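Chemist: Letter by letter, the sequence shown follows residues 1 to 168 in UniProt numbering.
Glycine included, C-beta positions come from ideal geometry on N, C-alpha and C.
Everything numeric in this text was worked out from a predicted model, so none of it was measured.
To start, I am sharing the structure in question, which I have written as structure tokens.
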Amino acid sequence: MNNQQDQQPVVGIVMGSDSDWPTMRAAAEALDALDVPYEADVVSAHRMPDEMLSYGREAAGRGLRVIIAGAGGAAHLPGMLAAVTELPVIGVPVPLRYLDGMDSLLSIVQMPAGVPVATVSIGGARNAGLLAARILGAGEGTEAQRLRTAMRAFQSELADMAHAKGEA
Ligand code: RP5
């Protein structure tokens with residue numbers, strides 16, 4: 001699924017199962033709000049290992065610049081993608097029915113030196129989308145500048161929200 005048919009996706013959102021989408025959609029919504037083109041797909045490390053390896057190896061060549069990978073339980077997808085791509089990988093621990101997502105978190109966060117995954121909180125897909133936008137915004141050029149400006153506007157909305165809570 002692509003959010004902008006006429007634009008090259010620069011973020012790849014992948015997950016181990018359709019059942020992860022209720023969590024992962026928050027990453028998509030964050031990118032939608034910032035007008036960042038992304039693609040979203042199911043690429044399971046355990047059930048589709050060949051497709052998963054191809055996805056990771058081909059991602060940069062296809063024009064993606066950041067991968068957001070979410071998985072639950074024995075959550076190997078972010079780490080395996082990080083092993084085969086040169087792109088930054090953001091891992092989202094998806095909480096399942098048992099263990100409150102601690103299994104997902106520990107599977108994703110405890111990467112060996114040399115294979116980094118930027119792990120967000122359990123269920124923290126929104127922050128994954130925002131972090132992807134910040135990574136894209138750290139570069140040169142007009143699109144990066146646009147994203148930095150959009151991020152600053154978003155941040156002042158956050159401050160307003162915090163004040164509004166204090167007044168409630
Ligand atoms: C993981 O197994 C997926 O990322 C998902 O979180 C979990 C359960 O998948 P389903 O059995 O719901 O397809 O690989």
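(1) Would you kindly work out how many angstroms separate the C-alpha atoms of A33 and F154, rounded to a whole number?
(2) What residue range does the alpha helix (DSSP H) around residue 248 cover?
(3) Within the same chain, show all residues whose beta-carbon is closer than 8 angstroms to that of L96, passing over the 5 residues directly before and after it, in chain order.
(4) My parser needs the alpha helix (DSSP H) runs of 4 or more residues fully inside the UniProt domain "PurE" (9 to 162); what are they?
(5) If you measure from each residue's Cβ to the nearest non-hydrogen atom of the ligand RP5, which ones come out under 5 angstroms, in chain order?
(6) Applying the 10 Å Cβ sphere with the 16-neighbour rule, what's the burial state of H163?
(7) Looking at L136: is its Cβ nearer than 7 angstroms to the Cβ of L147?
(8) State yes or no: is the C-beta of V94 within less than 7 angstroms of the C-beta of G70?
(9) Measure the CB-CB distance between I122 and I68 and report whether it falls below 7 angstroms.
(10) Use the C-beta contact count for R152: other C-beta atoms within 10 angstroms, 16 or more gives buried, fewer gives exposed.
(11) In chain order, what residues of the same chain have a beta carbon less than 7 angstroms from the beta carbon of L130, not counting five sequence neighbours either side?
(12) Name the residue from L99, P22, T23, G61 whose alpha carbon lies nearest to the alpha carbon of V10.
Modeler: On the basis of the coordinates in this document:
(1) 10 angstroms
(2) Only positions 1 to 168 of the chain appear in the structure, and residue 248 is not among them; the question remains open.
(3) G72, G73, D103, S104
(4) 21 to 33, 49 to 58, 77 to 84, 102 to 109, 125 to 137
(5) G16, S17, S19, D20, A71, G72, G73, V94
(6) exposed
(7) yes
(8) yes
(9) no
(10) exposed
(11) A30
(12) G61
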